[in-house]
Structures are given as structure tokens and as C-alpha cells.
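One structure is given below, encoded as C-alpha cells.
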Amino acid sequence: MIDAESIAWMRRSPILVNTARGPLVDLDAAVEALDSGRLGGLALDTTEPEPPPADHPLRAHPRVVLTPHMAFYSAEAQAELQRRAAEEVARAFRGEPPERPVNPEVL
Numbered sequence: 003m004i005d006a007e008s009i010a011w012m013r014r015s016p017i018l019v020n021t022a023r024g025p026l027v028d029l030d031a032a033v034e035a036l037d038s039g040r041l042g043g044l045a046l047d048t049t050e051p052e053p054p055p056a057d058h059p060l061r062a063h064p065r066v067v068l069t070p071h072m073a074f075y076s077a078e079a080q081a082e083l084q085r086r087a088a089e090e091v092a093r094a095f096r097g098e099p100p101e102r103p104v105n106p107e108v109l
């Protein structure tokens with residue numbers, strides 16, 4: 003979705019952040035945009051492929067932050083995830099519908 007054309011439509015020198023899915027950002031287009039100054043910075047928590055090859059230019063680029071698909075992690079986030087999972091299990095045991103169903107159409 004974020005390719006050379008979509009980057010060209012952006013204001014000059016934005017910082018692009020992707021924490022969703024790796025294939026959303028064309029890595030080659032991103033490198034080109036960084037090198038030309040079109041992108042001011044890039045932060046990726048996920049890439050396609052994951053991880054990027056050891057020789058990929060993003061790994062050494064001075065305006066890039068790469069994280070290993072775990073940028074969400076903190077002690078607080080871990081506790082929140084565990085609390086929410088336990089609440090969903092408790093709902094199921096009580097015969098209540100889940101708060102965040104994956105397949106709401108079958109409920």
C-alpha cells in the first residue's frame with residue numbers, strides 16, 4: 003500500500019511508521035525515498051520479509067528504526083494482555099459472548 007507513488011503524494015520529509023503488517027510498506031521504495039530526502043524517517047516493527055536480509059540497506063540507514071515485531075512490548079502491555087485474555091475466558095465460562103470475537107458472524 004505504501005509504495006513509491008503513495009510516498010510521492012506525502013508532504014516532504016514525513017516520518018513513516020508501520021506497526022501493522024510487513025507487506026504494507028514497499029521497502030525498496032522506502033529506501034529510495036529516504037535517500038532522496040522524500041521521507042524524513044522510517045520506523046518499522048514489521049517488514050516483508052521478516053526480518054529483512056542482513057545486507058538490506060534499511061538495517062544501516064541512519065534515519066531508520068527497526069524493531070523485531072515486538073514494539074508493543076512493555077511490562078504494562080504484557081499485564082494488560084494477560085488481564086484481557088483472562089476476562090475473555092471468564093466471560094466464556096459464564097456463558098457470555100466474548101467482548102472481542104474473531105468470528106462475530108457465528109455468534
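Take the position in the sequence shown, starting the count at 1, then add 2; the result is the number in the working numbering.
Just so you know, even glycine gets a beta-carbon here, dropped at the ideal spot from N, CA and C.
In the structure shown, what three-state DSSP assignment does Ala45 receive?
Under the three-state reduction of DSSP, Ala45 is assigned to strand.
Please go through the same chain and pick out, in chain order, the residues whose beta-carbon is closer than 6 angstroms to the beta-carbon of Asp47, but skip the five residues on each side of it.
If you ignore the 5 residues before and after Asp47, its C-beta comes within less than 6 angstroms of the C-beta of Thr21, Thr69, His71 and Ala73, all in its own chain and listed in chain order.
When you compare the CB positions of Val76 and Leu41, do they come within less than 9 angstroms of one another, or not?
One point to set straight first is that residue 76 is Ser, not Val, in the sequence displayed. No; because the gap between Cβ atoms is not below 9 angstroms, this pair is not in contact.
Tell me the rounded alpha-carbon separation between Phe95 and Gln80.
Using only the alpha carbons, I get a separation of about 23 angstroms.
Look up Val91 in the DSSP assignment and say whether it is helix, strand or coil.
Looking at Val91 - three-state DSSP - the assignment turns out to be helix.
Check for me: the alpha helix (DSSP H) holding Val118 runs from which residue to which?
Since the first residue shown for the chain is 3 and the last is 109, residue 118 is missing from the structure and cannot be characterised.
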